[in-house]
Every structure is written in C-alpha cells, then in structure tokens.
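Under this note's numbering, the first residue of the sequence shown is numbered 495, with each subsequent residue one higher.
Below is one structure, written out as structure tokens; the observations come after it.
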Amino acid sequence: MDRYAVIGNPIAHSKSPQIHTAFARQTGQQLRYEALLAPLDGFADTVARFRAEGGRGLNVTVPFKLEAFALADRHTARAQAAGAVNTLAFGADGILGDNTDGAGLVRDLEANLGCALGGRHILLLGAGGATRGVLLPLLAGRPASLTIANRSVGKAEALAALFAAHADGSALAACGFDALAGRRFDLVINATSASLADELPPLPPGLYTAGALAYDMMYGRGHTRFMQAALADGAARVADGLGMLVEQAAESFALWRGVRPDSAPVLAALRRQLDAG
Ligand code: ATR
C-alpha cells in the first residue's frame with residue numbers, strides 16, 4: 495500500500511491522518527497515512543528513512559516547513575513564493591516541494607464561504623510565515639487592494655516589497671496597526687500567532703465594511719477570540735481556519751493522487767467532532 499504521513503514536532507494531535515484517511519476511503523485510493531514525529535534536530539534523517547521504507551509523500555508542519563523547503567530538489571511556483579513547503583512528493587526524479595496553504599485558504603474563502611476575492615479590499619494581519627505562505631494565491635484572486643499590517647512594520651514592508659511583482663493590478667501595501675484607523679475592509683484575515691498567547695492584534699475599531707468577513711487562520715471549539723472581537727466590531731460574518739486545514743489537505747491529496755476529494759463531508763465531520771469537544 496502507498497504510504498504517506500504528516501511530519502512535525504509535536505504531531506500527536508494532528509488531524510491530517512483522519513482527513514487523508516477519509517479522502518482515501520471516499521475516492522477509493524489504496525493508501526496508508528500516518529503521523530510521524532521527527533526529533534527537532536532530525537528532520538532530514540526522518541524523511542530519508544520514511545522515503546527509504548517506500549514512503550511516497552509527506553505533509554510537513556511546525557517547525558519543519560523551512561527545512562522541507564531546503565530539502566526539496568524542485569519547487570512549485572507557490573512554494574517558491576512562500577519560501578516554505580508543506581507538501582513533499584517523492585519521485586524517481588527527486589523530491590518536489592509544494593505549498594498548498596494559500597490555495598487551501600483561497601478555496602475555503604471562495605468555494606466554501608462564497609467570498610470572492612476579485613475587486614475586494616483585503617487586510618492581512620501578521621507578517622510571518624503564515625502570511626508569506628498565502629500571499630501569492632490571494633493576489634492571484636485579483637483583489638482591489640491587499641494591505642499587510644503587522645506589529646513590526648518593517649517585516650510587513652519587506653513582504654510587500656517581495657511580492658510587488660506579483661500584485662498584478664492589486665494595490666499591495668504595508669503598515670502598522672495604528673495606521674488602520676479610519677480604514678475599512680471587505681475581508682480581514684488573522685495570520686498572526688497572537689492567539690497562541692491568548693492575545694489579539696491591537697486593531698482600531700470600525701474596520702469592517704457592510705457584509706465583511708473576518709477570517710481567523712486558527713481554529714478551535716466555538717468562536718476564537720479574534721472572531722468574537724470581529725463580531726463586536728461589526729463584521730457581518732466570521733470563519734475559523736478549519737476549512738483551510740481541510741482544503742490544504744485536499745490540494746496535497748490531489749497533487750499526490752491526481753484525484754480531487756470532496757472536502758465538504760470531511761469538514762462537516764471535523765466540525766461536529768470539534769464542537770462535541
Ligand atoms: P507564523 O509562521 O505562524 O506566521 P511567525 O513567523 O512567528 O509565525 O509570525 C508570527 C506573526 O504573528 C508575526 O507577524 C508577529 O508579529 P511581529 O512580526 O511583530 O512579531 C505576529 N504576532 C505574534 N504575537 C502577536 C501579538 N500578540 N499581537 C500582534 N501580532 C502578533
């Protein structure tokens with residue numbers, strides 16, 4: 495049976511085995527998908543062992559996405575732009591590195607949430623790896639503007655400069671949180687890691703246009719703190735990142751197997767599980 499895995503540290507709580515096993519059952523693909531714990535100083539060795547044992551591909555999660563980028567022999571354009579890899583495919587001609595996070599986010603926004611990006615004003619909060627990973631697919635949706643806001647303004651400015659050539663008619667800009675006062679957006683995406691410390695980015699009030707969507711890349715039981723704050727500030731709709739998790743997995747599955755699974759029932763089952771605690 496073809497073997498795949500998600501590799502990370504820690505890894506025990508990853509939902510990827512459940513998601514990919516459901517995709518395989520649904521599409522009739524014969525494969526086994528497991529969770530692989532790599533020592534913090536042993537990523538490349540663990541990958542090499544898995545490959546030598548017949549592994550066909552890996553999903554890569556924290557903290558190894560940069561090492562996975564370095565390990566790949568070839569990269570897709572979106573992995574190149576992200577500077578990080580969340581999907582490895584082993585072939586006779588070497589290791590292909592892809593990054594499906596941004597495509598997963600865009601698919602969740604457009605297909606699942608009915609939020610078309612074209613012509614919209616988008617605010618992206620944060621300027622770390624999560625933001626860099628989604629910039630190319632977001633810009634490909636041709637928004638009217640995409641503003642990157644970050645606590646350390648220099649990091650946001652560096653990302654805006656790095657992606658300027660991909661803006662393709664979208665107004666791409668960077669600023670600090672204070673500079674958002676008086677501005678409104680149709681879509682606000684939280685790509686900061688603030689919620690890991692149970693914090694919120696310090697946003698000025700009145701950020702949302704009528705009908706605006708607030709999207710948190712994090713997820714959990716019920717609304718995240720960011721979603722609660724967004725609703726209080728007038729966002730019409732909120733969503734968490736569970737859909738992005740399932741959609742990035744679907745993109746990886748399609749890359750490996752050449753078959754696109756139906757994400758809807760898998761997302762619904764995960765949501766029921768999460769809500770049941
Ligand atoms: P990731 O790969 O998850 O993006 P990262 O590269 O460490 O992680 O980036 C974390 C992002 O969250 C950064 O943009 C960080 O802001 P700084 O660049 O100013 O450090 C942002 N962040 C983390 N904690 C935050 C907080 N409490 N408020 C606002 N932004 C925060």
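Ideal Cβ placement from N, Cα and C applies to all residues, glycine included.
Report yes if the C-beta of residue i is less than 7 Å from at least one heavy atom of the ligand ATR; otherwise report no.
| i | result |
| --- | --- |
| K649 | yes |
| A691 | yes |
| P695 | yes |
| S646 | yes |
| A610 | no |
| S687 | yes |
| M625 | Before going further, note that residue 625 is Thr rather than Met in the sequence given. For the ligand ATR, at least one heavy atom lies less than 7 Å from the Cβ of T625. |
| A621 | yes |
At what residues does the beta strand (DSSP E) containing residue i begin and finish?
| i | result |
| --- | --- |
| H615 | 615-619 |
| E651 | Careful: E651 lies outside any beta strand (DSSP E), inside the alpha helix (DSSP H) at 647-656. |
| I513 | Counting along the chain, I513 falls outside any beta strand (DSSP E), though it belongs to the alpha helix (DSSP H) covering 510-521. |
| L640 | 639-643 |
| V732 | 731-733 |
| L666 | 665-669 |
| R636 | No beta strand (DSSP E) holds R636; DSSP gives it neither H nor E. |
| L531 | 525-531 |
| D587 | D587 -> no beta strand (DSSP E), and no H or E assigned at all. |
| I505 | From DSSP, I505 is part of no beta strand (DSSP E); its letter is neither H nor E. |
Would you mind stating whether residue i and residue j have Cβ atoms separated by less than 8 Å?
| i | j | result |
| --- | --- | --- |
| A638 | R601 | no |
| G670 | A708 | no |
| L640 | L630 | no |
| S687 | N553 | no |
| P511 | Y527 | yes |
| A529 | A506 | yes |
| D734 | Q520 | no |
| F517 | G551 | no |
| V682 | A724 | yes |
| N580 | Q722 | no |
| A605 | L582 | no |
| R645 | G612 | no |
| S508 | T540 | no |
| M711 | A624 | yes |
| N593 | R568 | no |
| D727 | L694 | no |
DSSP three-state label for residue i, please.
| i | result |
| --- | --- |
| V579 | coil |
| V753 | coil |
| G548 | coil |
| T703 | strand |
| D769 | helix |
| G627 | helix |
| R719 | helix |
| L607 | coil |
| D680 | strand |
| V740 | helix |
| E693 | coil |
| H660 | helix |
| D672 | helix |
| A556 | At residue 556 the sequence reads Val, which differs from the Ala that was named. In the structure shown, V556 sits in coil (DSSP, three-state: anything other than H, G, I, E or B). |
| A685 | coil |
Where do the N-terminal and C-terminal ends of the alpha helix (DSSP H) with residue i fall, by residue?
| i | result |
| --- | --- |
| E561 | 559-565 |
| G596 | 595-601 |
Using 8 Å for Cβ pairs, my map puts residue i next to residue j. What's the rounded Cβ distance?
| i | j | result |
| --- | --- | --- |
| F657 | N684 | That pair is no contact at about 19 Å. |
| L653 | A668 | 7 Å |
| F679 | L619 | Rounded, the Cβ-Cβ distance is 10 Å, inconsistent with contact. |
| R754 | A763 | In fact, because the Cβ distance is near 18 Å, the residues do not count as touching under 8 Å. |
| A578 | G627 | 6 Å |
| F563 | G591 | 6 Å |
| R765 | Q523 | About 24 Å; that fails the 8 Å criterion. |
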